[in-house]
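Residue numbers (the working numbering), protein chains in the order written: chain A, 1 to 361; chain B, 1001 to 1361; chain C, 2001 to 2361; chain D, 3001 to 3361.
Don't be surprised by glycine CBs; every beta carbon is placed ideally from N, CA and C.
A short worksheet on the structure shown next.
Protein chains: 4
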Amino acid sequence: MKMRNYRLAIVALAFVLSSAAAQDVRHELQFPDLPGYQTLACDLHMHTVFSDGSVWPPVRAEEAWRQGLDAISVTDHIEYTPKKDDIPVQHNRPYDLTIGEAREKNLLLARGAEITRDTPPGHFNAIFLSDVEPLNTEDFVEAVKRANEQGAYVVWNHQGWKGPEKGQWLEVHTKLYDNKWFHGMEVANGDEYYPDAHQWCLDKNLTMMGNSDIHAPDLREKSAAGEHRTMTLVFAKDRSLDALKEALFAGRTAVWYKDQIIGRKEWLEPLFGGCIRASKPHVRSKDAVWAEIGNTSDVDIALERTGNAGPVELKLPARTTSVVKIGTNAPDQPLELSYKATNFLVAPKTALDVTLTVPGP
Amino acid sequence: MKMRNYRLAIVALAFVLSSAAAQDVRHELQFPDLPGYQTLACDLHMHTVFSDGSVWPPVRAEEAWRQGLDAISVTDHIEYTPKKDDIPVQHNRPYDLTIGEAREKNLLLARGAEITRDTPPGHFNAIFLSDVEPLNTEDFVEAVKRANEQGAYVVWNHQGWKGPEKGQWLEVHTKLYDNKWFHGMEVANGDEYYPDAHQWCLDKNLTMMGNSDIHAPDLREKSAAGEHRTMTLVFAKDRSLDALKEALFAGRTAVWYKDQIIGRKEWLEPLFGGCIRASKPHVRSKDAVWAEIGNTSDVDIALERTGNAGPVELKLPARTTSVVKIGTNAPDQPLELSYKATNFLVAPKTALDVTLTVPGP
Amino acid sequence: MKMRNYRLAIVALAFVLSSAAAQDVRHELQFPDLPGYQTLACDLHMHTVFSDGSVWPPVRAEEAWRQGLDAISVTDHIEYTPKKDDIPVQHNRPYDLTIGEAREKNLLLARGAEITRDTPPGHFNAIFLSDVEPLNTEDFVEAVKRANEQGAYVVWNHQGWKGPEKGQWLEVHTKLYDNKWFHGMEVANGDEYYPDAHQWCLDKNLTMMGNSDIHAPDLREKSAAGEHRTMTLVFAKDRSLDALKEALFAGRTAVWYKDQIIGRKEWLEPLFGGCIRASKPHVRSKDAVWAEIGNTSDVDIALERTGNAGPVELKLPARTTSVVKIGTNAPDQPLELSYKATNFLVAPKTALDVTLTVPGP
Amino acid sequence: MKMRNYRLAIVALAFVLSSAAAQDVRHELQFPDLPGYQTLACDLHMHTVFSDGSVWPPVRAEEAWRQGLDAISVTDHIEYTPKKDDIPVQHNRPYDLTIGEAREKNLLLARGAEITRDTPPGHFNAIFLSDVEPLNTEDFVEAVKRANEQGAYVVWNHQGWKGPEKGQWLEVHTKLYDNKWFHGMEVANGDEYYPDAHQWCLDKNLTMMGNSDIHAPDLREKSAAGEHRTMTLVFAKDRSLDALKEALFAGRTAVWYKDQIIGRKEWLEPLFGGCIRASKPHVRSKDAVWAEIGNTSDVDIALERTGNAGPVELKLPARTTSVVKIGTNAPDQPLELSYKATNFLVAPKTALDVTLTVPGP
């Protein structure tokens, strides 16, 4: 009895002192929803002390929450557990230790793990598992098969990374692919972008993913243009794990990597459209109009003119409004301006074509 | 003909080089509109090289625009023109030189001036003038009268400032007041707050104003909690000079001064309500609920509990969401939490009482 | 054989990916050395997953190193180990796991632990232990005694914290004190300052300490005025653990807490003197001189005039130079300006008296 | 008499209110002096309301001072004065209005002006004039000749800029050059770099210059890697206008442009050497040492290995220390590591070769 009070007292201590950090707020991310879908910011690849990461699992929930993410998966390595002398291996513990914090913060948490083999085949993440332990088996293909038997969504991670055979699509990948045992690829992982993975996602109808693969503590207070983790925007029917899973299997994603948005044209078009707000001109002359063009999102947008009207180049920084002067012979008509969004990639080195519509009076 | 080309060439040069600064975007301010009114961020007191300021007048429009303001008035001193040896005095020039830039930027610009006399009576701003020149007359009361004849909105500036008789309400003020020749007072000016002015506005039904009175270049890129100019939020029927003027005469204002919002309870209540977004609880236990409380505005909000439920203290930083745990015997019922917003002042040293409503399931 | 390669490959992966964070540089702190002593920035109170912290121990070395600290001690609770179901208790492991990283980074690391008991007596840190295990004994006084038998430096932590009897100096403290079994007190811990502890350090000749007591990851990239952990500046004969220990027992410390420096007058005087650089005047008039006064340190300095000459108030932000105009009848003579440094505390609510000397021509 | 008091009162008002901006401190720049020379940070090209700039002249002194510069010249256009209807043209006024502020701030100010003609010949700055007026003459060559008769230092500005014949070295330039009537070229101006000018400076023994050419207010509080104006580092015998002039004629400069230092090998070698501090190793193993390498300057330094030892790549951010592991067979010997500093340009696209010396024990 006395002991119980004692424990409570000290628990309270830890809370008071750590709360001093005052990081306990969430900075909401600004990305538009798509028609019929809610945009969820997700990071489905990260590590903790239960494999080779350096934080206690719930820290991953706190980091993601304060940075405005909607869903994460803690995906410790199954086969690589360098801290096992201090922390006995239990593959389900990272999830079990994090789910309380995640629920309290209203953050979606999927149980996941990283199947970790030398290249080839490389590393694969299995998300939406019910139990990680069965995946701890010697045969790689068997491990992936077991993940699929649990209904997992499986991703080939950082495809272009590591080893003499890195980056190659080999027989083992074909085998998995033909069985529909993996469903997505990391187009970007941390600071790296993989153009082959990008192209294969297009060619083979795999889902494009971007993840942080973070091991150290994430020092970023918020996600903003210029200081965000690599993440996946998922266009889901609602904000739930079920809807997230459905959207991932359906391939409705875009990747936010450095200053770029990478994804299928089908999703980048409405995403771009939702970021931009063009007002009807507030000044007109005989041969020009002045209109406000706002970028309400957290991504900086860079445009190059492909048509005849409008500035040759437009930089629309995140969360700002620009005034644009547009030469025109018909200043009292709506204007359609043709551009390409050079940092919205619909394929490797291929920018999204967009139209800016400036309304008439 | 050749000369004209020459001029154009050099004009273009100036544009290219100065655009290098890349400050040419607007950071929209986040304040809620009020029922029936649009919230306009205004600064109606500032100086240029045409009196004792140090910038060319259109710079004031650029600064205000990039910081998200909606309306300004350039109010150079009429009687104090220390640069007159270099810049011949022309009281209407600051407006005339700024209006082009303001229109292009979609910023409202009112013609104004500061009637500048030793204390007493002190300095008075006249806004919405049609011609500044007639105010340049020796008799102070006559100058104010002429401003009123033009329909101007007149403000007693920085009431607590300067001289042995500073801060006193004297006969001259009564005379103006009885004639309804002045209509507002600066409750805050730059870094200074005037509690007497605050109280008098309440007692005498004068409009509360906050202005920057800026003389030097304003280095701030944007307005944010912790780095904004002192300004007035005006609740206007629409975003026009006419509506702004109507609202000022009607007293529909609040002042954003440092970390405080100062105004009548009538306006602070809906303003506070518009800043807060409380979600229905995302977790419930037998004796508590967890709910998200968001502050969507650009002002940090500090709350102290006055009722029985909810945390004793709540800090809701600008543009963030907090998760709040609330103890309750009826976790399936809506909750009404009584607080005071310690940085929303309805009178000197008097905080606004507020209710946070957490919806039921 | 194959397995070994496999392990190496994956180790390298972890390195490459985590280095992406690019936090791998040290921001040197700017504090002057004192005559005969080197100033060491120290934090001797922090936690890891081995008690109730949330990071792997070497993270504490990385954080401290990048923030410019010279010495730390990882002081996990001995009696409070809430993660013991996942991490079997081994009180020496935090040090053993951190020392490699510390050595590589050239950071001093002292083996330490926190003896953690309900108040009274409260929590005590023992630093410079050779073995933590013997301190894990039921009798509190015995635990402290054993720490002393190892030559440890013992600190009463966060004296004003927690419990109905918090903050009191009771018989048990007298017993320890009379035996010289504890040697310092935390005057500041994280966000809290303890004026009683401050006064007792003066009255009873105990060493003043300031520590972070950090549990969560420390997000700060560097230490700077306005964004630094609470720490102790120790004036040591050289940069070694032996010299650090000697200086702590000798009481040569100052505490950097928020915007304040707290310590004995004996050390604050030369510390202040070392922060300030006053140049000989660069302009002279008949009745004034203009001189540069620089603050080369990382602490903002606030001065109030106590004498007749110089500005009434001086703010000298960290790492900046100010130009000060000083009225004087003898502009060709050196000037001695009397001030108090309002944020250098030599006792509770007692500012350090200082003299600014402006050299003659 | 009363009037005088009145004026004083209002002058004081302006001071109090503008000081609210609290930008009144100087952030010292960190660049090493060179053997025998003091490094002066200079910007010798900028504009005010007296031509096409938008600030009152002393603002240029305030900006430069707070950003840590040592010397400036206000160089308004002689022939291009778009504000002349409001500000009667007086070419010497910018200097005359600024010199008081400059002296008070201990900032060196040279009288200068920009001879502004369509391309060719383009724009030329004349610095260290005694009187600008005589340069206001129709014949361009005559204007440059008159500047030289005053002993001015003359610079061909932004050589690659503007017009169909932009960037060409024509007969008129040869004429000036053969007469030694111009002495330097802007290798960088604002956001632009001119590789031709860079090469010509090397081939024709002209002094390399970098200037801001700022027209708008400069919002930057300080100069730092990533947020500084383009400027010239001048290696002068002392901190005086005479020494500055001697150094410019002698060609002892380097240009800080974006993240690059551009200059002759002769000056970049000691400049680089002065930025770097390599400590003797603090850890040694059989086949490696760990040493600290510090960059004490305000420029980020990027290194690529050209020899056999040391990391392949080294990023040394401004004002930070890095720990570097260096493989070696002789860990007890000093090490000479061969690199090129990829952002120190000794010619267009040509990096400076450097040696990092790690001392022995």
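Check                                                                                                                         : Outcome
Within-9 Å CB hit, B/W1256 to chain D                                                                                         : no
Same chain only: Cβ atoms within 8 Å of B/V1059, ignoring 5 sequence neighbours per side                                      : T1048 and P1217
Cutoff 8 Å; reference A/F249; Cβ partners in own chain excluding five residues on either side                                 : Y153, H183 and T207
Contact list for A/I72 against chain C, beta-carbon separation under 8 Å                                                      : Here the premise fails: no neighbours, minimum Cβ distance about 16 Å.
Within-9 Å CB hit, B/R1093 to chain D                                                                                         : yes
Whole-angstrom distance between D/H3077 and D/G3053, CA atom to CA atom                                                       : 10 Å
Minimum Cβ-Cβ distance from C/D2353 to chain A less than 9 Å                                                                  : no
Under 8 Å from the C-beta of C/V2055: neighbouring residues of chain A                                                        : S54, V55, W56, V59 and P217
Three CB pairs or more closer than 8 Å across the region 38-45 of chain A and the region 198-206 of chain A                   : no
Residue nearest to B/N1189 in terms of C-alpha spacing, selected from B/V1155, B/E1079, B/D1139 and B/L1352                   : B/V1155
Check: A/T116 C-beta below 8 Å from any heavy atom of the ligand NAD                                                          : Annotation note on the ligand NAD: not contained in the displayed structure, which lists no ligands.
Under 9 Å between C-beta atoms of B/A1071 and B/L1107                                                                         : yes
Beta-carbon proximity list for C/K2286, same chain, < 8 Å, skipping 5 on both sides                                           : P2331
Distance, D/R3264 Cα to D/Y3037 Cα                                                                                            : 15 Å
Short CB-CB distance (under 9 Å) between A/Q366 and chain C                                                                   : Limits of chain A in this structure are 1 at one end and 361 at the other, which puts residue 366 of chain A out of reach.
Sufficient close CB pairs (3 or more, under 8 Å) joining the region 3270-3281 of chain D to the region 3293-3309 of chain D   : yes
Entirely enclosed beta strand (DSSP E) segments - the region 3223-3282 of chain D, minimum 3 residues                         : 3231-3236, 3253-3257, 3260-3263 and 3276-3278
Alpha-carbon spacing of C/E2221 relative to A/E221, whole angstroms                                                           : 11 Å
Chain D contact for B/I1087 (CB, 9 Å cutoff)                                                                                  : yes
Cβ-Cβ separation, C/A2061 to C/E2028 (assumed contact under 8 Å), whole Å                                                     : Not really, about 16 Å apart at Cβ, beyond 8 Å.
C-beta neighbour in chain A for B/R1305, strict 9 Å                                                                           : no
Three-way DSSP call (helix, strand, coil) for A/H77 in this model                                                             : strand
Beta carbon proximity, C/D2332 to chain D, threshold 9 Å                                                                      : no
Closest by C-alpha distance to A/V141, when choosing among A/R117, A/L241 and A/V89                                           : A/R117
Euclidean distance between Cα positions of B/W1056 and D/K3083                                                                : 10 Å
Below-9 Å beta-carbon distance, D/E3062 vs any chain B residue                                                                : yes
Status (buried if at least 16 other CB within 10 Å, exposed otherwise) for B/L1170                                            : exposed
Residues, ordered as in the chain, of the region 1099-1116 of chain B that lie near chain A by beta-carbon distance below 7 Å : R1103, E1104, K1105 and N1106
Cβ-Cβ distance between C/Q2168 and C/E2186 below 9 Å                                                                          : no
Nearest to B/I1261 (by Cα), restricted to the options B/A1243, B/H1228 and B/D1086                                            : B/H1228
Residues sharing a beta bridge with B/G1184, DSSP                                                                             : B/V1155 and B/T1207
Cβ-based contacts, 7 Å cut-off: residues of the region 2214-2242 of chain C near chain A                                      : H2215, A2216, P2217, L2219 and E2221
Identity of the residues DSSP links to D/Q3038 by a beta bridge                                                               : D/A3236
For D/E3079, the nearest candidate out of D/A3064, D/G3068 and D/N3136 (CA to CA)                                             : D/N3136
Where A/V283 meets chain B, residues with beta-carbon distance less than 8 Å                                                  : R1103, E1104 and N1106
DSSP three-state assignment for A/E63, whether helix, strand or coil                                                          : helix
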